[in-house]
Each structure stands twice: as structure tokens, then as C-alpha cells.
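In our numbering, the protein residues as written are 648 to 746. Ideal Cβ placement from N, Cα and C applies to all residues, glycine included. Step one of this worksheet: look at the structure below.
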């Protein structure tokens with residue numbers, strides 16, 4: 648699935664963070680794909696995600712986590728990558744309309 652130029656998708660596989668390095672400097676929206684990551688690992692990094700989310704939000708961006716289970720009420724967590732794209736698209740529309 649190709650993502651728009653303003654969205655960067657990263658995933659965690661086998662303890663490594665995988666990032667699409669072909670993205671431009673226009674990236675302001677981020678998707679963390681945590682499918683296949685165990686709850687123990689997520690609990691170790693969730694505070695960093697909360698801080699990251701706050702920083703992205705302060706710069707008028709979006710941060711969405713793709714995960715099969717909800718692990719924090721402060722983060723936007725959706726079950727599929729397509730839903731993450733849709734969520735970001737809706738937030739972009741809201742920003743354009745100043746909602």
C-alpha cells in the first residue's frame with residue numbers, strides 16, 4: 648500500500664523499527680504499525696508514543712497506532728492500516744476547515 652507523501656508509516660518487527668526512508672521533509676502524519684508486537688514490548692514503549700503523539704499534535708500533525716488491542720486511552724488506536732489512513736484523512740479535512 649502506497650502512502651501519501653505527508654504520511655510516514657513505521658513498524659516494529661523482531662525488535663527493529665522499520666521506516667520508509669524515501670519520504671520527503673513534508674511528513675507531518677505518522678502511523679505506527681504494531682501488528683504482531685506483543686503487549687510486553689508495547690507497554691515498554693507506550694510512554695514514548697504518548698510523548699511523540701503530543702509533539703506531532705503540537706505541529707498540527709496526526710499520530711495513529713495500528714494494533715489489534717487498545718493499550719492506552721490517550722492514543723488513537725485503530726485495528727487496520729486502512730483505518731489509520733482514513734483517520735488521518737479526516738483529521739486533515741478538519742484542519743483545512745478549521746474545525
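Paired residues, beta bridge with residue 753 - DSSP: The first residue shown for the chain is 648 and the last is 746, placing residue 753 beyond what the model contains.
Pull up the distance between the alpha-carbon of residue 693 and that of residue 655, whole angstroms please. 19 Å
Going by DSSP in three states, residue 684 sits in which element: helix, strand or coil? If DSSP states are grouped into helix, strand and coil, residue 684 belongs with coil.
Assuming residue 678 contacts residue 711 under a Cβ cut-off of 8 Å, what Cβ separation, rounded to an integer in Å, is found between them? 5 Å
Range covered by the beta strand (DSSP E) that runs through residue 718: No beta strand (DSSP E) contains residue 718, which DSSP labels as neither H nor E.
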